[in-house]
Every structure is written in C-alpha cells, then in structure tokens.
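What follows is a single structure, written as structure tokens, with notes after it.
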Amino acid sequence: MDTSSASSYTAKLIDGPLEGKTVATAFLESGDPRPRLELNAEQGKRYIYTRAAGLEFAGEDDDRPTAVEYRFIETVFD
Numbered sequence: 455m456d457t458s459s460a461s462s463y464t465a466k467l468i469d470g471p472l473e474g475k476t477v478a479t480a481f482l483e484s485g486d487p488r489p490r491l492e493l494n495a496e497q498g499k500r501y502i503y504t505r506a507a508g509l510e511f512a513g514e515d516d517d518r519p520t521a522v523e524y525r526f527i528e529t530v531f532d
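Quick look at the structure:
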C-alpha cells in the first residue's frame with residue numbers, strides 16, 4: 455500500500471478522557487499531520503489534544519505517517 459499519497463492517518467489518543475481511542479484524521483494541505491485536534495464530546499464539551507512525538511509508518515520509504523500520537527491538553531465547555 456502506498457501511503458505517500460494517503461489523505462488521512464490514525465490519531466492515537468494516548469492519555470486523558472479518550473485514552474486508548476483512535477480517530478481517522480485528515481492531513482493538512484501541506485501534507486503534515488495536524489498539530490492539534492478538537493474532538494466533540496457530550497453536548498457543549500470538546501476535548502483538545504496536541505501532537506506528541508510518536509509516529510508510525512507502514513514502510514521504510516513512506517514520507518507520511520500512518521499513525522500519530524496525541525496528548526490531552528484540556529476540556530472546553532461551550
């Protein structure tokens with residue numbers, strides 16, 4: 455599978471209220487993983503996650519990761 459042209463990757467949530475969950479996430483137009491995720495929870499609540507250091511690649515020649523780790527920052531109440 456050629457992941458160099460993949461349009462999405464797996465965001466792995468490594469701590470916080472959604473620890474252990476994964477979500478499919480689109481790359482930025484630049485091709486980079488998103489630096490921050492805002493995930494809707496119950497009505498009026500969002501969880502903010504920021505990119506961590508962990509990256510996973512499907513093969514040695516891939517230029518885009520297939521999975522990226524994210525750490526919990528805060529809960530926002532609207």
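Quick note: to get the numbering used here, add 454 to the position in the sequence shown (first position is 1). Ideal placement from N, C-alpha and C gives every residue a C-beta, glycine not left out. For clarity, every value in this text was computed on a predicted model and none was experimentally measured.
Asked: Check whether chain C comes within 7 Å of F481, counting only Cβ atoms and requiring the distance to be less than that.; Found: No chain C appears in this structure, which consists of one protein chain only.
Asked: Whole angstroms is fine: what's the gap from T504's alpha carbon to L491's?; Found: 6 Å
Asked: Can you tell me the Cα-Cα spacing of Y463 and A521, whole angstroms?; Found: 5 Å
Asked: Can you pull the DSSP bridge partners for E492?; Found: I502
Asked: Would you say the beta carbon of D517 comes nearer than 6 Å to a heavy atom of the ligand COA?; Found: Within the structure as shown, the ligand COA is missing, as the structure has no ligands at all.
Asked: State the CB to CB distance for the pair L482 and T476, rounded to an integer number of angstroms; the pair is presumed to be in contact (CB under 8 Å).; Found: In fact, because the Cβ distance is near 19 Å, the residues do not count as touching under 8 Å.
Asked: Bridge partners of T529, per DSSP?; Found: Y501
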